[in-house]
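Position one of the sequence shown corresponds to residue 1 (full-length UniProt numbering), numbered consecutively onward.
Think of the CB as a built atom: it goes at the ideal place given N, C-alpha and C, for glycine as much as any other residue.
Only a predicted model underlies this, so the values are computations on that prediction, with no experimental measurement involved.
Report on the structure given below.
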Amino acid sequence: MKLMPCHEPLQPRLLSLASQLKAGQGLTIVCSVLCGDFFQLHEEAKTAKYKMVMCMEREQVKGFANVVVSESTSLGICHVVQSAGLGALYPNTVVMCWPDHWFDSSNRETYKSFINSLHYAQTANMAVQVVKGVQKFPSNSERLEGTIDIWWIMNILP
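Rendered as structure tokens:
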């Protein structure tokens with residue numbers, strides 16, 4: 001989950017969606033990556049984790065929060081995919097937002113992180129749900145109506 005500079009979750013509705021997909025059953029592991037040196041960002045990581053837990057409570061999401069400090073976003077996501085879980089209980093799905101302007105040539109890191117995240121999840125045999133326009137999704141307290149378009153793409157990566 002991406003964080004704002006103040007370490008608040010950028011897309012709290014992503015938590016609502018994850019909770020709705022599970023129908024309130026099971027646990028969710030919410031992770032974020034801070035780029036930089038662990039020794040310098042340790043306290044910021046603790047603050048970010050606390051704010052993620054508070055956001056999870058507001059969105060009524062049961063589970064765990066974790067913040068990984070890594071040299072790059074891509075490497076941090078790789079660490080999260082490999083290490084998330086508790087013993088034999090580990091996630092089988094990665095839910096992430098479709099990046100805005102992801103193929104903008106001025107920001108190669110954004111689309112490299114996105115593509116690498118897909119590769120990491122596939123290598124770990126995890127399903128991936130990429131959500132576009134999550135800010136328009138209903139919260140857990142709003143009544144749902146209408147339809148949902150779902151696109152299934154399987155085995156797209158070598």
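Tell me residue i's beta-bridge partners as DSSP assigns them.
i, result
"Gly26", "DSSP, once it has assigned bridges, lists no residue as partnering Gly26."
"Ser74", "Answer is none; Ser74 lacks a bridge partner."
"residue 163", "Nothing about residue 163 can be read from this structure; the chain reaches only from 1 to 158."
"Met96", "Val130"
"Pro9", "Leu3"
"Leu89", "Leu86"
"Leu34", "Val69"
First and last residue of the beta strand (DSSP E) that includes residue i?
i, result
"Gly63", "63-70"
Judging by CA-CA distance, which residue of the options is the nearest neighbour of residue i?
i, options, result
"Lys46", "Leu27, Val69, Arg58", "Val69"
"Ile150", "Asn107, Ser83, Thr28, Leu21", "Leu21"
"Gln60", "Gly26, Ser74, Cys78", "Gly26"
"Gly36", "Pro12, Gly76, Leu14", "Gly76"
"Glu71", "Thr147, Cys55, Cys97, Ser113", "Ser113"
"Tyr111", "Ser74, Val81, His79, Cys78", "Ser74"
"Trp98", "Met54, Tyr50, Ser32, Leu118", "Leu118"
"Ile29", "Val67, Cys78, Cys6", "Val67"
"Val94", "Ala48, Tyr50, Ser32, Glu109", "Ser32"
"Pro5", "Arg13, Ala48, Ala18", "Ala48"
"Ser83", "Ser141, Leu14, Met126", "Met126"
List the endpoints of the continuous alpha helix (DSSP H) containing residue i.
i, result
"Tyr121", "Note on residue identity: the sequence assigns Ala, not Tyr, to residue 121. From DSSP, the alpha helix (DSSP H) with Ala121 extends over 108-123."
"Thr47", "38-58"
Please decide whether residue i counts as near chain D, where near means a Cβ-Cβ distance under 8 Å.
i, result
"Glu8", "In the displayed structure, chain D is absent; only one protein chain is listed."
**OP:** Determine contact between the region 116-127 and the region 31-48, defined as no fewer than three beta-carbon pairs at a distance below 8 Å.
**Re:** no
Original post:
Three or more C-beta pairs closer than 8 Å, one from the region 84-91 and one from the region 131-141: is that the case here?
Top reply: no
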